[in-house]
Amino acid sequence: MHSYRTHKCNELRKSHVGQQARLSGWIHRIRDHGGVLFIDLRDTYGLTQCVVEEGSSLLAAVGQWRNESVVTVTGQVKARTPETVNARMPTGEIELEITEATLQSPAAVIPFQIAEDDGAGEDVRLRHRYLDLRREKMQRNIRLRNAVIFSLRKRMWESGFQEFQTPNLTASSPEGARDYLVPSRLHPGKFYALPQSPQQFKQLLMVAGFDRYFQVAPCFRDEDGRADRLAEHYQLDVEMSFVTEQEVHDTMTPVIKGLFEEFADWTGTKHRVEWLPKLTYKDAMLKYGSDKPDLRNPLEIVDVTAVFARDDVEFKAFKGTIQKGGVVRAIKAPKVSTQPRSFFDKLNSWAQGEGAPGLGYILFEPSSSLPPAGGGQGGVAAVEGKGPIAKFIPPAAIAELCKLAGAEPGDAVFFVCNMEGPAAKFAGLARDKICDDMGIRETGVYKFCWVVDFPMYEFDERAQKVEFSHNPFSMPQGGLETLEKTDPLKILAHQYDCVCNGFEISSGAIRNHRPDIMEKAFALAGYPKEVLERKFSGMLNAFKFGAPPHGGCAFGIDRLVMILAHEPNLREVNAFVMNGQYEDPMMNAPSEATPEQLKDLHIKVDLPRTVKKTEAA
RNA sequence: GCGGGAGUAGUUCAGUUGGUUAGAACGCCGCCCUGUCACGGCGGAGGUCGCGGGUUCAAGUCCCGUCUCUCGCGCCA
14 MHSYRTHKCN ELRKSHVGQQ ARLSGWIHRI RDHGGVLFID LRDTYGLTQC VVEEGSSLLA
74 AVGQWRNESV VTVTGQVKAR TPETVNARMP TGEIELEITE ATLQSPAAVI PFQIAEDDGA
134 GEDVRLRHRY LDLRREKMQR NIRLRNAVIF SLRKRMWESG FQEFQTPNLT ASSPEGARDY
194 LVPSRLHPGK FYALPQSPQQ FKQLLMVAGF DRYFQVAPCF RDEDGRADRL AEHYQLDVEM
254 SFVTEQEVHD TMTPVIKGLF EEFADWTGTK HRVEWLPKLT YKDAMLKYGS DKPDLRNPLE
314 IVDVTAVFAR DDVEFKAFKG TIQKGGVVRA IKAPKVSTQP RSFFDKLNSW AQGEGAPGLG
374 YILFEPSSSL PPAGGGQGGV AAVEGKGPIA KFIPPAAIAE LCKLAGAEPG DAVFFVCNME
434 GPAAKFAGLA RDKICDDMGI RETGVYKFCW VVDFPMYEFD ERAQKVEFSH NPFSMPQGGL
494 ETLEKTDPLK ILAHQYDCVC NGFEISSGAI RNHRPDIMEK AFALAGYPKE VLERKFSGML
554 NAFKFGAPPH GGCAFGIDRL VMILAHEPNL REVNAFVMNG QYEDPMMNAP SEATPEQLKD
614 LHIKVDLPRT VKKTEAA
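So the number in the working numbering is just where the residue sits in the first sequence, counting from 1, plus 13.
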């Protein structure tokens, strides 16, 4: 007989009754009844109940065993009596009668419970991640992650892509985030950068003629953490030669759609997968106030600047902003006339908490002086405006507002007034807040779309100059001619994102493979040719020797898994992660280097004035 | 760097207006228990109330400072 196991803990069934079997695993639970003792033995595959029967000489010893110890038990598979069958367990019709028992590795008292979710905080869980990972939920999440990566690999290979590896010790890439640096021992004073993405390498592979590249690529960014952001994460990195933007979408849409369909019911609730028509960046910002809109939220935003600009509208608070070039955006909330006053008041104080002056609104009600809804006026219901700011707006303007917003009696519109950028952004926040307060966000669906036509440049308020919006290697729409003739801030790029349920899950572009266009593109952002040549000489040179037009994208694998697992943060779908401060309390990273290491690296540490207390191990 | 929330037993939490010996559940230890499957019963151990200072006759509770975790902003795909 095998020294550790003849079966796994999910395998034994009625058909095995009478056979000798050996199982190894962790003690999930132990129930000592005095004369008889039960062990629920666990491995990653499942649970099997094992029994020490009355009179057994093993009883005393096994009775001392503690939860989470690793043991090997041997004995005969027995059918349970009908009253003792456990229908909730796949192995519930049988049990293993222990006649031989070995304690392989006793467990000390565990810092939190494995068999149940005791709500232990993240610090303890991360400090003992190997224990946390034993829990069923984490086993499931990691299994999902592995399955997702396998599925993506399979789908990519089947779509004719080759899988590559690229260096992790490299030079700074143009993503715009802070790099993690690694000092070079052989080259005093010089540093490698960990890749923020394999951007340049994958483009160089296109220049090398490999045509279709993918990689499950580690990416490193030294920026502050968030629930959906990690210092190191993995991307499904993709690049293709001789393709249009549309072809990139058409290639990747079935991969991601297929993936989500494959795992749509992983959490137990069946989810629909809907791929919606692509959205321009401009429309996304206008209608949803975000470049990564959650399309499960049915609310839409409309521009109503024209209404508040009318001569007969008195509302000074908005008028002043409009005169300075600002805009008014309205969010329509259907059928809220029955909401209590507190609904509106709460939204108002929420807005103030976000730093806005408030969240003005108008409630449309059937007009008392005009015929009721549907009674004429070209199909538009006759309405009256109610609410704190309604008195500033005469009936004709109310009617126009109503028409613009497509509102019906009983609906309300909320207003945001500011300069265009901030107004769109805040309207987006309000749109989500109102949706959640109304409880009308759709559930049970993954809603995807591509957001396209991102601007090539934006105005950097702090530096007071034109800057690249995304990575500078994107091809401007219209090429050289557009760059030469158009206001930089109006130039669009062949740059796109893929969005799912309010998460940006991918970003990509058709790349600029022409040195002449690149030179011009950099010049518009104020970078002379020398800067371009110094920073990106490798790639720029490559483009001088016959570069195919190419483009691609990269999907955030951790985010895909997080969405599929319905987890609120990325740490729940990675086996080993750092905490919110990017420290690993288990491995004690980051930690100080020894004087010898620093000497080797020619580094002197110059600590800031407020020295952080080093963590006692 | 900034803002919100949190920090009390191994874990999750309660702790009234400042008032006597800081509680509960799970876990742990001991004893009992022949069929449980979140086994059950009895008993027990376990606390620098994050840390430092202050107010007070008296501080887990009030005030000031500080550290840590977490969510968000800035930053960043």
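No residue lacks a Cβ here, since even glycine has one placed at the ideal position from N, Cα and C.
Put simply, the backbone Cα of V86 is about 14 Å away from that of L25.
Residue environment analysis places Y143 among the exposed positions, since fewer than 16 neighbouring C-beta atoms fall within 10 angstroms of its C-beta.
Note that the segment 361-378 touches the segment 414-421; at least 3 beta-carbon pairs, one per stretch, sit closer than 8 Å. Taking the C-beta atoms as reference points, N514 is found no nearer than 8 Å to I570. For A534, same chain residues with a beta-carbon under 7 Å away, outside a window of 5 residues either side, are P485, P489, L496 and N525 in chain order. The straight-line gap separating the alpha-carbon atoms of G593 and A437 is approximately 29 Å.
Assigned with DSSP and collapsed to three states, G88 falls in strand. Comparing C-alpha distances from D145 to each of L157, A128, E543 and N159 shows the shortest one belongs to A128.
Put simply, the segment 294-305 does not touch the segment 360-376. Fewer than three CB pairs are less than 8 Å apart. Within its own chain, the residues whose Cβ lies closer than 8 Å to the Cβ of A602, once the five positions on either side in sequence are excluded, are M591 and E596, listed in chain order. Residue pairing from DSSP places W39 in a beta bridge opposite R55 and V83.
Per DSSP, H563 is one residue of the beta strand (DSSP E) stretching across H563 to G569. A straight line joining the alpha-carbon of G48 with that of L72 spans about 8 Å. When DSSP states are grouped into helix, strand and coil, Y143 belongs to the helix group.
For P379, the enclosing beta strand (DSSP E) covers residues Y374 to P379. When C-alpha distances from F516 are compared across H284, K359 and V464, the shortest belongs to V464. Going by beta carbons, A440 and I344 fall inside the 8 Å limit.
Around H141, the same chain offers P124 as residues with beta carbons nearer than 6 Å, after the five sequence neighbours per side are excluded.
W78 and P119 have their alpha carbons spaced roughly 7 Å apart. In this structure, DSSP gives G398 an extended state, which the three-state scheme calls strand.
With contacts defined as CB atoms closer than 8 Å, P468 and L493 fail to qualify as a contacting pair. With at least 16 other beta carbons inside 10 angstroms of its own, V340 counts as buried. As the crow flies, the alpha-carbon of M600 is around 54 Å from that of K348. Out of S82, G173, R93 and R285, the CA that lies nearest to the CA of E66 is found in R93. In the structure shown, Y301 falls within a helical segment according to DSSP collapsed to helix, strand and coil. Residue range E258 to F276 is occupied by the alpha helix (DSSP H) that includes H262. With a contact defined as Cβ atoms closer than 8 Å, L249 and V229 qualify at about 6 Å. The Cβ atoms of Q32 and V84 do not sit closer than 8 Å to each other. Sequence-distant Cβ neighbours of D307 in its own chain, meaning closer than 6 Å and more than five residues away, are N514 and G515.
In the DSSP annotation of this structure, the continuous segment of the alpha helix (DSSP H) that includes R153 starts and ends at E149 to E171. Taken through DSSP and simplified to helix, strand or coil, M575 comes out as helix.
Per DSSP, the beta bridge partners of W463 are C511.
Residue burial is scored here from C-beta neighbours: P201 has fewer than 16 other C-beta atoms within 10 angstroms and is therefore classed as exposed. Annotation: R147 to C511 spans about 34 Å, alpha carbon to alpha carbon. Between E149 and S355, the alpha-carbon positions lie close to 42 Å from each other.
In the assembly as shown, A567 is a buried residue. Its beta-carbon has 16 or more other beta-carbons within 10 Å.
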